[in-house]
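Chains A and B are the protein sequences, given in the same order.
All residue numbers for the first sequence refer to the numbering used here, where the first residue is 6 and numbers rise by one.
All residue numbers for the second sequence refer to the numbering used here, where the first residue is 6 and numbers rise by one.
No residue lacks a Cβ here, since even glycine has one placed at the ideal position from N, Cα and C.
Protein chains: 2
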Amino acid sequence: MPVRIQDVARAAGVSTATVSRALRGLPSVSEDTRQAVTRVASDLGYVVSRSASSLASGRTLTVGVVTPYIGRWFFATVIEAVEAELRHSGYDALLVGVGEPLTGDVLPFRAESLRGRVDGVVVLTAPLSGQELDGVRQLSLPTLFVGAAVPGAMTVRIDDVDVGRTATEHLLALGHRRIAHIGGDPEQLLNFSAPSDRRAGWLSALRSEGIEPPPDYAVASDFTAAGGKRAMERLLALPSPPTGIFAASDEVAFGAMFAAREAGWRIPTDLSFVGVDDHDLSGLAGLTTVAQPVTEQGTLAAELILAAIGGDLSRRHEHVLIPTRLMVRSSTGPVSVAAAP
Amino acid sequence: MPVRIQDVARAAGVSTATVSRALRGLPSVSEDTRQAVTRVASDLGYVVSRSASSLASGRTLTVGVVTPYIGRWFFATVIEAVEAELRHSGYDALLVGVGEPLTGDVLPFRAESLRGRVDGVVVLTAPLSGQELDGVRQLSLPTLFVGAAVPGAMTVRIDDVDVGRTATEHLLALGHRRIAHIGGDPEQLLNFSAPSDRRAGWLSALRSEGIEPPPDYAVASDFTAAGGKRAMERLLALPSPPTGIFAASDEVAFGAMFAAREAGWRIPTDLSFVGVDDHDLSGLAGLTTVAQPVTEQGTLAAELILAAIGGDLSRRHEHVLIPTRLMVRSSTGPVSVAAAP
DNA sequence: CTCGGCGCTGCAAGCGCTTACATCGGAGGG
DNA sequence: CCCTCCGATGTAAGCGCTTGCAGCGCCGAG
Numbered sequence: 006m007p008v009r010i011q012d013v014a015r016a017a018g019v020s021t022a023t024v025s026r027a028l029r030g031l032p033s034v035s036e037d038t039r040q041a042v043t044r045v046a047s048d049l050g051y052v053v054s055r056s057a058s059s060l061a062s063g064r065t066l067t068v069g070v071v072t073p074y075i076g077r078w079f080f081a082t083v084i085e086a087v088e089a090e091l092r093h094s095g096y097d098a099l100l101v102g103v104g105e106p107l108t109g110d111v112l113p114f115r116a117e118s119l120r121g122r123v124d125g126v127v128v129l130t131a132p133l134s135g136q137e138l139d140g141v142r143q144l145s146l147p148t149l150f151v152g153a154a155v156p157g158a159m160t161v162r163i164d165d166v167d168v169g170r171t172a173t174e175h176l177l178a179l180g181h182r183r184i185a186h187i188g189g190d191p192e193q194l195l196n197f198s199a200p201s202d203r204r205a206g207w208l209s210a211l212r213s214e215g216i217e218p219p220p221d222y223a224v225a226s227d228f229t230a231a232g233g234k235r236a237m238e239r240l241l242a243l244p245s246p247p248t249g250i251f252a253a254s255d256e257v258a259f260g261a262m263f264a265a266r267e268a269g270w271r272i273p274t275d276l277s278f279v280g281v282d283d284h285d286l287s288g289l290a291g292l293t294t295v296a297q298p299v300t301e302q303g304t305l306a307a308e309l310i311l312a313a314i315g316g317d318l319s320r321r322h323e324h325v326l327i328p329t330r331l332m333v334r335s336s337t338g339p340v341s342v343a344a345a346p
Numbered sequence: 006m007p008v009r010i011q012d013v014a015r016a017a018g019v020s021t022a023t024v025s026r027a028l029r030g031l032p033s034v035s036e037d038t039r040q041a042v043t044r045v046a047s048d049l050g051y052v053v054s055r056s057a058s059s060l061a062s063g064r065t066l067t068v069g070v071v072t073p074y075i076g077r078w079f080f081a082t083v084i085e086a087v088e089a090e091l092r093h094s095g096y097d098a099l100l101v102g103v104g105e106p107l108t109g110d111v112l113p114f115r116a117e118s119l120r121g122r123v124d125g126v127v128v129l130t131a132p133l134s135g136q137e138l139d140g141v142r143q144l145s146l147p148t149l150f151v152g153a154a155v156p157g158a159m160t161v162r163i164d165d166v167d168v169g170r171t172a173t174e175h176l177l178a179l180g181h182r183r184i185a186h187i188g189g190d191p192e193q194l195l196n197f198s199a200p201s202d203r204r205a206g207w208l209s210a211l212r213s214e215g216i217e218p219p220p221d222y223a224v225a226s227d228f229t230a231a232g233g234k235r236a237m238e239r240l241l242a243l244p245s246p247p248t249g250i251f252a253a254s255d256e257v258a259f260g261a262m263f264a265a266r267e268a269g270w271r272i273p274t275d276l277s278f279v280g281v282d283d284h285d286l287s288g289l290a291g292l293t294t295v296a297q298p299v300t301e302q303g304t305l306a307a308e309l310i311l312a313a314i315g316g317d318l319s320r321r322h323e324h325v326l327i328p329t330r331l332m333v334r335s336s337t338g339p340v341s342v343a344a345a346p
């Protein structure tokens, strides 16, 4: 039923080989022939069969996008950028979720299932186990990690330790000394480095000032607003609650701020909040945050993986560190003498 | 390099045909043979070549997910659910963006490009042109639309007129008479029915009460918080601003609420807000909203498309209307006598 | 004892492309 | 004017799998 390359060849009076070459723009076809073939093909509504093409050439024109979440803002935004860039380059994006790492609903990610399906893989800050990572490596396909430093593969990310330090130093500069952190559990996710790095940056900034935060000031939380709220409630119940909060993401910060407001605290008079991301809503909400250019990371990731697929080995081990920027808004202010609502 | 079906066949001492059948669980293989083959295959790390399999069988085990946005909450959440459901059924999700319809950065969506790539298509409330829709139809593949009523195809959506009516009636019941709407431009997107349907519901509810809203009370906006904010600023600048606002999505409502707060209005004392979606943040923010079960829509969409692919024609023309639910929270209250900040 | 039928397996023909290699005609050099 | 070389095209061999059809024992009925 569908028109095949044969049909085009016959209609154009050439061989299938020539049609194939003409349609792909190979140099060994005369200009006249190419135009004729192109015309016939489009008249007939010919579309090359991807499976046949892949089978014969070994190329799939598809890139796998492996991600733990889709609904979360950061991931959705990166995926959007990656997909757009791939599409503009004639590549398809195969979306592969790896389940919910935090809820334990992890069906282990089988990298082998991508063998032959894709020409390259972009992995989004995935908390992959060592075994899963090995699987990815054994694909021996170009692979790029976004948001995590993985040795031996291309990487696009921000400096999460620096992010934590920047956020904390901002609070310190405002006079805060009791600074808490809501973020990832350092024990939990070995290969999911962002949360623990941000925490490390927070700790390092505090210690540089000779401050050793009480253990209670580091509250583990998932990266959701609801989690941020719960964590904040715990902080507020402390005998000596913090005056500044560094949340590991803007969504967490939103949740924390809601909890604080609900309990009657004023922002930033009583409590200051810093997040990370520069979420769509952060500007409107007046949330001070360490902004990371998310769309750019996605676009760059796609460009790099395409270059690697294209055989450009020069960037094969590139580790790109994207700069972040502190956006000071109205959720942070000088520490006040009196606290408590 | 990679192990082929041949290798497995040889190692197991059977023909490739038997391997193929055994691995796919076809009935015409003895239990002993199946187990032996399965074992050998896994020992060898054999993975079937999708392109070869597709070429030979005509099945791709892939579903196309066509969407105008990925970063927006609703879309990301639906995609997440669709992908998960597909994956659990052994299908892959091919993500296809259709560009930014609102900015005009639309590269027309070419449905033909999916021919032979996928076994079915899920289209998310896509503002496709008639031509693009025809393209999809000509694929003669199972197709399902989420969030839009498209005749002749399967559909999963909510009743957007009813949503608009419900939200508006809630405000009316609280005594509001000056009720504005921030939402889609009815002129703009013919096939993107949700925005205009919600608007229609709003209008219908008002008219049932004998209220004819001034034209200024229907403010067109994109579905972002920033857009909601801009729209709200315009409403507040009106000589006679509304006391109740029905925003076409929670994100829009957030933006509108920020604008109102910034201008010194109190919520819900001076102004009441109703959104649509039940966004992750809405509960925390206390936003009254018409909740729609987004994940369920995605899961159901995947189930239906898989059923259709599986040859279950009984649901081929099914139009599923998912019920919504008004969640009354703290952003709405009785209309107050005095207004203005 | 013979034969039809059934359960299981193998044979081999594609599926629709890509590509190494062969071919062919003409241009340009000797 | 012949030979070489090169650009443009054709030939045909796969790519790795699926599947219609054939084959082969074996069992039970006749």
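* Are there 16 or more other CB atoms within 10 angstroms of the CB of B/Met159, so buried, or fewer, so exposed? -> In the second sequence, the residue the question calls residue 159 of chain B occupies position 154. By the 10 Å Cβ count, B/Met159 comes out buried.
* Quick one: which chain B residues come within Cβ less than 9 Å of A/Gly121? -> On the first sequence, position 116 is the one that residue 121 of chain A refers to. Simply Pro7, Val52, Val53, Ser54, Arg55, Ser56, Ala57.
* Where the beta strand (DSSP E) containing B/Gly76 begins and where it ends -> As a first step, residue 76 of chain B must be located in the second sequence, where it is residue number 71. That residue, B/Gly76, is in no beta strand (DSSP E); it is neither H nor E in DSSP.
* Asked: Does at least one heavy atom of the ligand MN sit under 6 Å from the Cβ of A/Ser58?
  -> Absent from the structure shown: the ligand MN. Ligands present: none.
* Is there at least one Cβ from chain B nearer than 7 Å to A/Ile314's Cβ? -> In the first sequence, counting from the first residue as 1, residue 314 of chain A sits at position 309. Not closer than 7 Å to any Cβ of chain B, the Cβ of A/Ile314 fails to qualify, so no.
* **Contact list for B/Arg239 against chain A, beta-carbon separation under 9 Å** => Here residue 239 of chain B refers to the residue found at position 234 of the second sequence. Within 9 Å Cβ-Cβ: nothing; B/Arg239 doesn't reach chain A, min ~16 Å.
* Is there a Cβ from chain A that is less than 7 Å from the Cβ of B/Glu301? -> Residue numbering aside, residue 301 of chain B sits at position 296 when the second sequence is read from its first letter. Taking Cβ atoms only, chain A never reaches closer than 7 Å to B/Glu301, which makes this a no.
* Asked: First and last residue of the beta strand (DSSP E) that includes A/Arg162?
  -> Here residue 162 of chain A corresponds to residue number 157 of the first sequence, with the count starting at 1. Run containing A/Arg162: 159–163, per the beta strand (DSSP E) assignment.
* What residues are listed by DSSP as bridge partners for A/Asp12? -> Translated into positions along the first sequence, residue 12 of chain A becomes position 7. For A/Asp12, which the question treats as bridged, DSSP gives no partner whatsoever.
* When DSSP labels each residue in this structure, what does A/Gly69 get in the three-state scheme? -> Residue mapping note: residue 69 of chain A aligns to position 64 of the first sequence, counting from 1. DSSP places A/Gly69 in strand when its eight states are reduced to three.
* To do: Would you mind sorting A/Val333 into buried or exposed? The rule is 16 or more other CB atoms within 10 Å of its CB.
  => For the purposes of this step, residue 333 of chain A is taken as residue 328 along the first sequence, with counting starting at 1. Its Cβ having fewer than 16 others within 10 Å, A/Val333 is exposed.
* chain B beta carbons: is any one of them nearer than 7 Å to that of A/Ile310? -> On the first sequence, position 305 is the one that residue 310 of chain A refers to. Not one chain B Cβ lies under 7 Å of A/Ile310.
* **Proximal chain B residues relative to A/Arg92, where beta-carbon distance stays under 7 Å** => By 1-based counting over the first sequence, the position of residue 92 of chain A is 87. Residues of chain B passing the Cβ test: Gly102.
* To do: Please report the Cβ distance between B/Val281 and B/His181, rounded to the nearest whole angstrom; I am assuming they are in contact, meaning their Cβ atoms lie under 8 Å.
  => Here residue 281 of chain B is taken as the residue at index 276 of the second sequence, counted from 1. Here residue 181 of chain B is taken as the residue at index 176 of the second sequence, counted from 1. Actually they do not touch by this definition, with Cβ atoms about 17 Å apart.
* Just the chain A side, please: which residues come within less than 8 Å of B/Ser118 by C-beta, in chain order? => Within the second sequence, the letter at position 113 stands for residue 118 of chain B. What B/Ser118 touches in chain A: Val52.
* Cβ pair A/Arg203, A/Ala261 closer than 7 Å -> Position 198 of the first sequence, counted from the start, is the residue given in the question as residue 203 of chain A. Position 256 of the first sequence, counted from the start, is the residue given in the question as residue 261 of chain A. Not in contact: A/Arg203 and A/Ala261 (Cβ atoms no closer than 7 Å).
* In chain A, what lies closer than 7 Å to B/Glu88 by C-beta? -> By one-based count along the second sequence, residue 88 of chain B stands at place 83. Within 7 Å Cβ-Cβ: Ile75, Leu100, Gly102.
* To do: Tell me whether A/Leu301 is buried or exposed, calling it buried when 16 or more other Cβ atoms sit within 10 Å of its Cβ.
  => As a first step, residue 301 of chain A is located in the first sequence; it is residue number 296 there, counting from the start. Here residue 301 of chain A turns out to be Glu, not Leu, going by the sequence shown. Under this definition A/Glu301 is an exposed residue.
* Could you run through the stretch 213–236 of chain B and flag, in chain order, every residue whose CB is less than 8 Å away from some CB of chain A? => Thr229, Ala230, Ala231, Lys234
* Figure out for me which residue from B/Val166, B/Val128, B/Ile10, B/Ser287 has the closest Cα to the Cα of B/Val155. => Against the second sequence, residue 155 of chain B aligns to sequence position 150. The shortest Cα separation from B/Val155 among B/Val166, B/Val128, B/Ile10, B/Ser287 belongs to B/Val128.
* Would you grab the beta carbon distance between A/Thr337 and A/Ser277 for me? Rounded to a whole angstrom, and I think it's under 8 Å. => Sequence index remark: in the first sequence, residue 337 of chain A carries index 332 (1-based). Sequence index remark: in the first sequence, residue 277 of chain A carries index 272 (1-based). 4 Å between Cβ atoms; contact.
* To do: Flag A/Ile84 as yes if its beta-carbon sits less than 7 Å from any beta-carbon of chain B, otherwise no.
  => Locating residue 84 of chain A in the first sequence gives position 79, where the first residue counts as 1. Chain B, which has a Cβ nearer than 7 Å to the Cβ of A/Ile84, makes this yes.
* **A/Pro106 to A/Thr72 span [Cα, whole Å]** => As a first step, residue 106 of chain A must be located in the first sequence, where it is residue number 101. As a first step, residue 72 of chain A must be located in the first sequence, where it is residue number 67. Here A/Pro106 scores only 47 on pLDDT, less than 50, and its place in the model is too uncertain to base an answer on.
* For the stretch 248–266 of chain A, enumerate the residues whose C-beta is nearer than 8 Å to any C-beta of chain B, in chain order. => Glu256, Phe259, Gly260, Phe263
* Give me the Cα-Cα distance between A/Ser20 and B/Ser54, rounded to the nearest whole angstrom. => Position 15 of the first sequence, counted from the first residue, corresponds to residue 20 of chain A. Position 49 of the second sequence, counted from the first residue, corresponds to residue 54 of chain B. Their backbone Cα atoms lie some 28 Å apart in a straight line.
* To do: Kindly say whether A/Asp97, judged by its beta-carbon, lies nearer than 7 Å to any beta-carbon of chain B.
  => Position 92 of the first sequence holds residue 97 of chain A. Yes, contact with chain B.
* Asked: Which first and last residues belong to the alpha helix (DSSP H) in which B/Ser47 is found?
  -> Your numbering for residue 47 of chain B matches position 42 in the second sequence. First-last of the alpha helix (DSSP H) with B/Ser47: 36–49.
* Leaving out five residues before and five after B/Arg142 in sequence, what residues of the same chain have Cβ atoms less than 7 Å from its Cβ? -> The sequence position of residue 142 of chain B within the second sequence is 137, counting from 1. Excluding positions up to five away in sequence, the list is empty.
* Residue environment, A/Gln136, which counts as buried when at least 16 other CB atoms sit within 10 Å -> Within the first sequence, residue 136 of chain A is the residue found at index 131, counting from 1. Looking at its Cβ environment, which holds fewer than 16 other Cβ atoms inside 10 Å, A/Gln136 is exposed.
* Pairing CB atoms from the stretch 292–301 of chain A with CB atoms from the stretch 165–184 of chain A, are three or more of them under 8 Å? -> yes
* Report yes or no: is there a C-beta of chain A within less than 7 Å of the C-beta of B/Ser341? => Residue numbering aside, residue 341 of chain B sits at position 336 when the second sequence is read from its first letter. Taking Cβ atoms only, chain A never reaches closer than 7 Å to B/Ser341, which makes this a no.
* Could you give the C-beta distance for A/Ser94 and A/Leu289, rounded to a whole number, given that I count them as a contact under 8 Å? -> In the first sequence, residue 94 of chain A corresponds to position 89, counting from 1. In the first sequence, residue 289 of chain A corresponds to position 284, counting from 1. Not really, about 34 Å apart at Cβ, beyond 8 Å.
* Asked: Is the Cβ-Cβ distance between A/Val161 and A/Ala313 less than 7 Å?
  -> If you number the first sequence from 1, residue 161 of chain A lands on position 156. If you number the first sequence from 1, residue 313 of chain A lands on position 308. No; because the gap between Cβ atoms is not below 7 Å, this pair is not in contact.
* Assign A/Val166 to one of three DSSP states: helix, strand, or coil. => Counting from 1 along the first sequence, the entry for residue 166 of chain A is found at position 161. Three-state DSSP puts A/Val166 in a helix.
* Residues bridged to A/Asp202 [DSSP beta-bridge criterion] -> Sequence index remark: in the first sequence, residue 202 of chain A carries index 197 (1-based). Answer is none; A/Asp202 lacks a bridge partner.
* Could you give the distance in angstroms between the alpha-carbon of A/Val257 and the alpha-carbon of A/Trp207? -> The residue labelled residue 257 of chain A in the question sits at position 252 within the first sequence. The residue labelled residue 207 of chain A in the question sits at position 202 within the first sequence. If you take the alpha carbons of A/Val257 and A/Trp207, they lie about 16 Å apart.
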